[in-house]
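The sequence shown begins at 0 in numbering that gives the first Met the number 0 and counts up by one.
Glycine included, C-beta positions come from ideal geometry on N, C-alpha and C.
Inspection log for the structure reproduced underneath, given as structure tokens.
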Amino acid sequence: MTNIAERLNHIRLRMARAAEKSGRTTEDIQLIAVSKGHETKDVVSAIIAGQKIFGENRVQEAQKKFLPLKPIYTDLELHLIGALQTNKCDDAVALFDVIHTLDRPKLAEALAKSMRKIERTPKIFIEVNIGNEPQKAGLEPSALPEFIDYCRTKCGLDIEGLMCIPPHNNETARWFQLLHTLAERHNLKHLSMGMSGDFEQAIACGATCVRIGTAIFGKRVEKNREN
Ligand SMILES: *Cc1c(COP(=O)(O)O)cnc(C)c1O
Numbered sequence: 000m001t002n003i004a005e006r007l008n009h010i011r012l013r014m015a016r017a018a019e020k021s022g023r024t025t026e027d028i029q030l031i032a033v034s035k036g037h038e039t040k041d042v043v044s045a046i047i048a049g050q051k052i053f054g055e056n057r058v059q060e061a062q063k064k065f066l067p068l069k070p071i072y073t074d075l076e077l078h079l080i081g082a083l084q085t086n087k088c089d090d091a092v093a094l095f096d097v098i099h100t101l102d103r104p105k106l107a108e109a110l111a112k113s114m115r116k117i118e119r120t121p122k123i124f125i126e127v128n129i130g131n132e133p134q135k136a137g138l139e140p141s142a143l144p145e146f147i148d149y150c151r152t153k154c155g156l157d158i159e160g161l162m163c164i165p166p167h168n169n170e171t172a173r174w175f176q177l178l179h180t181l182a183e184r185h186n187l188k189h190l191s192m193g194m195s196g197d198f199e200q201a202i203a204c205g206a207t208c209v210r211i212g213t214a215i216f217g218k219r220v221e222k223n224r225e226n
């Protein structure tokens, strides 16, 4: 039977192979273990197996799971990978080390305000709706130059990377490549892309963080709860 520790090792091995194949080093690629929909005991299993970086998509779920763990495991790093509402910014800024889902001016303003208030500065990535899909969150690619400028000059936000969830088709690598190009154009060093089904392709296209849930923790029960 495979457990979380074995699955984690297997993912790390596959990441190392993918990195090597494209002439990169594994140290440059972070594995974010996406624990949304899974219980605290599964997170603890992953921590015991050496995992320190976790991703969650809802602020409240992350608080419930990680606030009790943080005093015990002091070197955890938490990433918010789901949509953020402006009224949750204080909580998000207080808990997370990286926020991957900035996608609109109002949220940039709210995040900047929370960061001043809480005196904490999580790294901020912009989520790009790389395939321009109407049902998906994220900023459309053509709006990126103006938005980055707005974040920097009007809000004083330091943008460190781009994130995307590409369209479900067989051109995934093309979308990853496009995000890479956009990041280079704006001098952004982080690229958050690649999930359980496509992280090797993402690594080949320059991903610096891959977000992997199912392949580590197994299937999750999807909840339809608001952030
Ligand atoms: C759930 C989720 C993941 C992880 O997806 P898996 O297919 O389970 O690896 C990655 N990124 C985001 C934004 C997610 O919401």
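- Query: Between which two residues does the beta strand (DSSP E) containing Arg210 stretch?
  - Reply: The count along the sequence shown starts at 1 and reaches residue 210 at position 211. First-last of the beta strand (DSSP E) with Arg210: 208-211.
- Task: Mind checking which residues open and close the alpha helix (DSSP H) that includes His9?
- Result: The residue given as residue 9 occupies position 10 in the sequence shown. Here the alpha helix (DSSP H) through His9 covers 3-20.
- Tell me, please, whether the stretch 47-62 touches the stretch 2-13 by the rule of three or more beta-carbon pairs shorter than 8 Å. Contact holds: three or more Cβ-Cβ distances are below 8 Å.
- Task: Could you have a look at Ala32 and say whether DSSP puts it in helix, strand or coil?
- Result: Locating residue 32 in the sequence shown gives position 33, counting from the first residue. Ala32 falls in the strand class under three-state DSSP.
- Pull up the DSSP beta-bridge partners for Ser191, would you. Reading the sequence shown from its first residue, position 192 is the one you call residue 191. Paired residue(s): Met162, Cys208.
- Message: So for Glu55, helix, strand or coil by DSSP?
- Response: Numbered from 1 along the sequence shown, position 56 holds the residue referred to as residue 55. Strand at Glu55.
- Roughly how many whole angstroms lie between the Cα atoms of Lys188 and Thr207? Sequence index remark: in the sequence shown, residue 188 carries index 189 (1-based). Sequence index remark: in the sequence shown, residue 207 carries index 208 (1-based). Taking the straight line joining both Cα atoms gives about 8 Å.
- Under three-state DSSP, which class holds Thr180? For the purposes of this step, residue 180 is taken as the residue at position 181 of the sequence shown. Residue state, collapsed to three classes: helix.
- Query: With 16 as the cutoff for other CB atoms within 10 Å, does Lys218 come out buried or exposed?
  - Reply: Here residue 218 refers to the residue found at position 219 of the sequence shown. With fewer than 16 Cβ atoms within 10 Å of its Cβ, Lys218 is classed as exposed.
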